[in-house]
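See structure below.
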Amino acid sequence: MKKMFLLCVSILVVSYTMVFAQEITLNPYGISPRDVARDTVELYFDRAYNGILNVGKETKMFFKGEFEDSTLTNPVWTLFIKPVGSTADFGGTKDVDASTQLNTIIPDVVGTYKISFSDGTFADTLTINAALYWGVEGGTVNCIGCHNTSIWDFKYDKWLGTGHSDMLERGLNGTLSSHYGEGCISCHTVGFDPDTENGGFDDFPFVFPDSLYPGVYDLTMAAYPEAMARANIQCESCHGPGSEHLGLTSNSEISISISTDNCAWCHDSGTHHAFPEQWDHSGDDATNFDGRGFHGGHALGTFSGYAGGRGSCAPCHSGAGYIKWNYDGRPVNSYGLPGSIDDPPAATTITCASCHDPHDATNSHQLRYQDTQLGDGTPITFELYGTGSLCMECHRSRRFAFEYASDIGNASSHYGPHHAPQADMLIGANVPDYGIQFPTSPHSVATENACVDCHMAGELTDPEGNINLVGGHSFNMNDAEGNDHVEACAPCHGTIGDSFKDKKYYINGNADLDGNGIAEGLQLEVHGILELLHAELPQDANGNVTIIEDSSIILTPEIMRAGYVYFWIEEDRSFGIHNPAFTIGLLKAALAELGVILAVDYPESGMPQEYQLSQNYPNPFNPTTTIEYSLPEQSNVKIVIYDALGNQLDILFSGESSAGKHSLTWNADSYASGIYFYRMQANNFMQVKKMLLMK
25 MKKMFLLCVS
35 ILVVSYTMVF
45 AQEITLNPYG
55 ISPRDVARDT
65 VELYFDRAYN
75 GILNVGKETK
85 MFFKGEFEDS
95 TLTNPVWTLF
105 IKPVGSTADF
115 GGTKDVDAST
125 QLNTIIPDVV
135 GTYKISFSDG
145 TFADTLTINA
155 ALYWGVEGGT
165 VNCIGCHNTS
175 IWDFKYDKWL
185 GTGHSDMLER
195 GLNGTLSSHY
205 GEGCISCHTV
215 GFDPDTENGG
225 FDDFPFVFPD
235 SLYPGVYDLT
245 MAAYPEAMAR
255 ANIQCESCHG
265 PGSEHLGLTS
275 NSEISISIST
285 DNCAWCHDSG
295 THHAFPEQWD
305 HSGDDATNFD
315 GRGFHGGHAL
325 GTFSGYAGGR
335 GSCAPCHSGA
345 GYIKWNYDGR
355 PVNSYGLPGS
365 IDDPPAATTI
375 TCASCHDPHD
385 ATNSHQLRYQ
395 DTQLGDGTPI
405 TFELYGTGSL
415 CMECHRSRRF
425 AFEYASDIGN
435 ASSHYGPHHA
445 PQADMLIGAN
455 VPDYGIQFPT
465 SPHSVATENA
475 CVDCHMAGEL
485 TDPEGNINLV
495 GGHSFNMNDA
505 EGNDHVEACA
515 PCHGTIGDSF
525 KDKKYYINGN
535 ADLDGNGIAE
545 GLQLEVHGIL
555 ELLHAELPQD
565 ANGNVTIIED
575 SSIILTPEIM
585 RAGYVYFWIE
595 EDRSFGIHNP
605 AFTIGLLKAA
615 LAELGVILAV
625 DYPESGMPQE
635 YQLSQNYPNP
645 FNPTTTIEYS
655 LPEQSNVKIV
665 IYDALGNQLD
675 ILFSGESSAG
685 KHSLTWNADS
695 YASGIYFYRM
705 QANNFMQVKK
715 MLLMK
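Per my numbering, residue 25 is the first one in the sequence shown, and the count goes up by one each step.
Here it is in structure tokens:
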């Protein structure tokens with residue numbers, strides 16, 4: 025297309041570009057209970073709204089009109105179709121910025137509404153449906169009759185296996201939580217909204233029981249049949265009321281939305297329900313070397329645009345594309361990697377429903393994982409990597425590196441493993457042809473769920489009740505200010521300092537891995553070695569490594585392999601943390617093949633690469649137990665025993681200790697049965713572990 029326009033007069037090119045870039049969009053604007061609680065001044069966001077277009081009659085809806093790549097000059101909202109008898113109108117605008125305006129409407133009569141947002145000659149429209157709630161088994165026709173068939177993959181039967189299907193039942197029977205109360209049922213029933221009258225749960229008689237115990241649910245079913253027909257989290261909770269559906273969909277008579285807004289109106293409130301709030305901040309990290317930060321994330325959707333019309337990109341760049349890839353049978357290419365899908369849906373961000381199947385509880389946490397592999401056939405399974413195997417489905421190289429990275433014919437502006445090769449790095453597989461069995465660190469198997477146990481580590485809130493925006497469903501390993509989530513490392517590595525960059529990695533007692541005479545943290549050392557490799561590779565006018573077909577660049581298989589390693593480590597973005605030994609080994613091999621010798625050697629068997637305090641054994645014990653610790657370098661070590669109250673009991677060792685593995689024995693013959701703690705301090709490293717004396 026661009027080449028064709030180069031033939032045109034330049035002013036036509038400019039005019040075309042300006043027109044093409046400008047676009048008015050009109051979309052629902054979801055409001056969570058947390059958003060309502062925050063709006064204490066304007067009170068514009070006074071009611072929660074799940075962002076779907078099929079709503080219960082009298083539901084307050086919010087909309088966002090946006091003039092992309094331009095400024096609003098005369099925005100106009102129009103309600104141009106509404107049912108007979110409706111007096112609905114827009115409630116009032118709110119300017120978000122120069123390009124974006126919000127408005128509200130409350131559809132007051134069952135039926136179809138059509139609205140538009142325009143500015144000059146640009147406009148967009150939406151169709152709204154207002155209806156009544158019937159319940160999954162209610163109405164003249166119910167959900168089960170159509171949707172519990174092979175055509176719809178027996179959605180009802182699968183839904184019965186989810187926690188949504190019996191949420192209120194478990195609550196009233198006293199098995200869900202000891203804190204369960206009347207305030208919980210608004211999210212655990214269908215259509216609950218005190219400000220509306222539309223056939224929702226709260227529109228029928230119901231009295232919350234004084235006591236909760238097994239059998240109460242059945243008693244309330246008998247006492248309040250109309251309300252309890254809308255008990256639990258049913259189809260209409262997420263798809264909207266069904267009274268106008270009856271097979272119709274053209275005027276939003278039913279909604280299918282994977283927007284996080286559809287989950288947030290129940291899952292984003294207070295200090296116990298905050299996954300959407302964390303997700304909103306995914307990609308807010310500030311990972312930064314040489315001024316290059318990473319600003320992606322599941323919520324920001326920085327890269328989702330690639331998937332709009334590209335079937336091969338959609339399975340990973342689009343949440344909706346990933347779902348369709350699953351529904352299409354998960355097609356793969358010749359290397360077992362995600363293949364192209366036909367008719368990719370409009371691209372979306374990676375939302376809750378992208379990873380969690382709301383209808384199917386077959387897998388842990390209703391995740392969509394299945395067995396798959398890396399480009400070289402290395403297996404990725406739940407058995408090996410737990411729930412982290414889902415992350416690896418997209419966060420893996422798109423290449424079979426053994427073949428791809430040695431072929432000069434693959435040179436292009438897209439050369440490399442593709443932009444998310446973390447699984448290959450973490451596992452330590454799918455490598456270029458160096459003829460070497462590289463050493464690998466155990467991060468991929470050291471925890472039950474691989475990626476998840478680090479990137480989702482941590483509590484939901486801090487001690488002050490603020491939602492943590494690192495770990496959890498933010499997946500961030502550092503916050504927007506650049507503070508590293510070092511707490512994620514503590515269970516295995518103890519205290520590592522305030523930053524990941526502080527964590528040193530020793531090879532045969534040496535932490536100066538880039539040979540610059542300064543022993544720094546692993547990430548800084550890896551960055552230093554990358555700079556050495558950068559100097560040996562072709563670069564463009566801006567100094568960026570480039571592996572392209574160009575008469576000024578001489579490419580060889582050695583350059584191709586080294587370029588692949590460079591892009592792999594750069595795009596992995598952990599700078600060695602995912603797999604320290606493997607990362608250093610790759611860089612050493614790439615440099616050596618280009619004639620640059622890295623002073624550091626491969627790790628010797630048995631020589632520790634980091635400080636470590638091991639779990640005592642046996643545990644429980646009586647009366648003696650062995651405590652082992654490892655030192656990558658000679659260190660001043662102190663190991664102390666404490667009781668459960670924090671009182672110091674014994675000092676097992678205090679003094680200089682050589683690099684290597686060491687063991688101590690503690691005799692607890694004079695102490696009573698109970699929980700005890702042992703603490704190791706070595707230079708700047710500190711770690712505490714728990715043990716049980718059982719007599």
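We put the CB at the ideal spot given by N, CA and C, even for glycine.
I'd like the span of the beta strand (DSSP E) that includes residue i, first residue to last.
i: I282; result: It is not in any beta strand (DSSP E) - I282 carries neither H nor E in the DSSP assignment.
i: I577; result: Premise fails: I577 is in no beta strand (DSSP E) and is neither H nor E.
i: L676; result: 672 to 681
i: S654; result: 648 to 655
i: N427; result: It is worth fixing the name first, because residue 427 is Glu in this sequence and not Asn. Note, E427: premise wrong, no beta strand (DSSP E); alpha helix (DSSP H) at 425 to 428.
Rounded to a whole number of angstroms, what is the C-alpha to C-alpha distance between residue i and residue j?
i: H686; j: G54; result: 58 Å
i: D219; j: S421; result: 51 Å
i: C513; j: K528; result: 13 Å
i: I571; j: S413; result: 31 Å
i: Q229; j: S210; result: A small correction: the amino acid at residue 229 is Pro; Gln does not occupy that position in the sequence shown. Roughly 14 Å separates the two Cα atoms.
i: L236; j: I257; result: 19 Å
i: P362; j: I280; result: 25 Å
i: T295; j: A147; result: 40 Å
i: W158; j: H602; result: 51 Å
i: E573; j: D308; result: 36 Å
i: Q446; j: Q658; result: 33 Å
i: G264; j: I76; result: 7 Å
i: S267; j: T164; result: 9 Å
i: E544; j: D536; result: 6 Å
i: M416; j: G440; result: 18 Å
i: I105; j: T128; result: 16 Å
i: S575; j: W592; result: 25 Å
i: I578; j: G619; result: 16 Å
i: T102; j: Q46; result: 20 Å
i: G317; j: D132; result: Residue placement at G317 cannot be trusted, given a pLDDT of 49 that sits under 50; the coordinates are not used to answer.
i: Y204; j: S336; result: 46 Å
Please classify residue i: is it buried, with 16 or more other beta-carbons within 10 angstroms of its beta-carbon, or exposed?
i: D113; result: exposed
i: R62; result: exposed
i: S436; result: exposed
i: T284; result: buried
i: T411; result: buried
i: E301; result: buried
i: Y180; result: buried
i: G315; result: Residue confidence is low: G315 scores 41 on pLDDT, short of 50, so the model does not pin down where it sits. No coordinate-derived value is stated.
i: A253; result: buried
i: K27; result: Only weak support is given to the placement of K27: the predicted model assigns it a pLDDT of 34, under 50, and the value that follows is read from those uncertain coordinates. When all chains shown are included, K27 counts as exposed.
i: D227; result: buried
i: Q563; result: exposed
i: G401; result: exposed
i: T372; result: buried
i: E594; result: buried
i: N691; result: exposed
Could you pull the start and end residues of the alpha helix (DSSP H) that residue i belongs to?
i: Y409; result: 406 to 409
i: K182; result: 179 to 183
i: V240; result: 240 to 247
i: L537; result: No alpha helix (DSSP H) holds L537; DSSP gives it neither H nor E.
Between residue i and residue j, is the Cβ-Cβ spacing less than 8 Å?
i: G684; j: P604; result: no
i: P403; j: Q397; result: yes
i: S142; j: V100; result: yes
i: T213; j: L196; result: no
i: Q547; j: F462; result: no
i: E277; j: N172; result: no
i: F677; j: I699; result: no
i: L688; j: I651; result: yes
i: S638; j: V661; result: no
i: Y702; j: L717; result: no
i: N492; j: L484; result: yes
May I ask you to list the residues that DSSP assigns as paired with residue i?
i: I460; result: Beta-bridge pairing links I460 to no other residue.
i: A706; result: V661, F709
i: M715; result: Y700
i: L126; result: K88, K118
i: W690; result: T649
i: F146; result: D143
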